[in-house]
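Notes follow the structure.
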Amino acid sequence: MKKVIVISTSLRGGSNSDMLADRFTEGARAAGNDVEKISLVGKNIQFCKGCLGCQKLGRCVIKDDVNDIMAKVLKADVICWATPIYYYEMSGQMKTLIDRMNAMYPQDYQFRDVYLLTTAAENEEQTPKRGLMGWIECFPKSRLAGTLFCGDVNDAREIEGNPKLDEAFELGKKV
Numbered sequence: 000m001k002k003v004i005v006i007s008t009s010l011r012g013g014s015n016s017d018m019l020a021d022r023f024t025e026g027a028r029a030a031g032n033d034v035e036k037i038s039l040v041g042k043n044i045q046f047c048k049g050c051l052g053c054q055k056l057g058r059c060v061i062k063d064d065v066n067d068i069m070a071k072v073l074k075a076d077v078i079c080w081a082t083p084i085y086y087y088e089m090s091g092q093m094k095t096l097i098d099r100m101n102a103m104y105p106q107d108y109q110f111r112d113v114y115l116l117t118t119a120a121e122n123e124e125q126t127p128k129r130g131l132m133g134w135i136e137c138f139p140k141s142r143l144a145g146t147l148f149c150g151d152v153n154d155a156r157e158i159e160g161n162p163k164l165d166e167a168f169e170l171g172k173k174v
């Protein structure tokens, strides 16, 4: 059994990427894993100030929800990011969270496999792999283990009935 953290970065509850996150979560649970989904809806996540205090303290100096999320990520075996694509890149809130996880770099971390689930209005598979790969490269024992892109979904809940939901479930089962 693995400890899996699924981070749904859309700020719109029940969004298309959130629905992919839910199906991945269901698949990972069906495979017998311990899964926690973290939604950024309602979370207080401020911008990084670049002070590098986190490198000395092992946590961010800003008192918001990031340190709690980071503690869970450090102890997980698998991390799954789910994000809508805005202008061919990850959501700003996902990027802000990644920036704020700077305190993790010198720490021991447990995760090895990282997954990426994305949705976009366009059907061009331009996932934000480059941005996420930069984060993964900071953790040399980890790797991008799988991705899933669902295009042509723009409005809320357009993904309902889409076969990509089943693919997200199956990807979760492979964890």
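Residue numbers (numbering that gives the first Met the number 0): 0 to 174.
Built from N, CA and C at the ideal position, the CB exists for glycine as well.
Residue i classed as buried or exposed, judged by whether at least 16 other C-beta atoms fall within 10 angstroms
{"i": "residue 43", "result": "exposed"}
{"i": "residue 255", "result": "Since the first and last residues shown for the chain are 0 and 174, residue 255 lies out of range."}
{"i": "residue 59", "result": "buried"}
{"i": "residue 132", "result": "exposed"}
{"i": "residue 115", "result": "buried"}
{"i": "residue 56", "result": "exposed"}
{"i": "residue 163", "result": "buried"}
CA nearest to the CA of residue i, picked from the options
{"i": "residue 168", "options": "30, 59, 13 and 2", "result": "30"}
{"i": "residue 88", "options": "106, 118 and 64", "result": "118"}
{"i": "residue 76", "options": "105, 121, 27 and 64", "result": "27"}
{"i": "residue 82", "options": "54, 144, 123 and 16", "result": "16"}
{"i": "residue 46", "options": "139, 138 and 95", "result": "95"}
{"i": "residue 172", "options": "51, 129 and 22", "result": "22"}
{"i": "residue 178", "options": "39, 85 and 72", "result": "Any property of residue 178 remains undetermined from this structure, which presents the chain solely from 0 to 174."}
{"i": "residue 149", "options": "67, 18, 139 and 106", "result": "18"}
{"i": "residue 14", "options": "140, 152, 163 and 97", "result": "152"}
{"i": "residue 61", "options": "12, 140, 100 and 141", "result": "100"}
{"i": "residue 78", "options": "52, 86, 68 and 10", "result": "68"}
{"i": "residue 51", "options": "63, 92, 102 and 12", "result": "102"}
{"i": "residue 64", "options": "107, 49, 121 and 38", "result": "38"}
{"i": "residue 74", "options": "170, 106, 166 and 49", "result": "106"}
{"i": "residue 130", "options": "85, 160 and 121", "result": "85"}
{"i": "residue 145", "options": "128, 53 and 161", "result": "128"}
Beta-carbon contacts of residue i that lie in its chain and below 7 Å, excluding the five residues immediately before and after
{"i": "residue 32", "result": "0, 1, 3 and 174"}
{"i": "residue 137", "result": "104"}
{"i": "residue 90", "result": "8, 9, 82 and 83"}
For residue i, the residue or residues it bridges with in DSSP
{"i": "residue 112", "result": "77 and 142"}
{"i": "residue 4", "result": "35 and 78"}
Contacting residues, own chain, Cβ-Cβ under 6 Å from residue i (five flanking each side not counted)
{"i": "residue 35", "result": "4"}
{"i": "residue 122", "result": "150 and 151"}
Residues near residue i by beta carbon distance below 8 Å, same chain, minus five either side
{"i": "residue 135", "result": "113, 141, 142 and 143"}
{"i": "residue 165", "result": "22"}
Open item on the list: Restricting to runs no shorter than 4 residues, where is the alpha helix (DSSP H) found entirely within the region 55-83?
Closed with: 65-74
- [ ] Could you tell me which uninterrupted beta strand (DSSP E) segments, each at least 3 residues in length, are contained entirely in the region 7-38, listed from first to last along the chain?
- [x] 33-38
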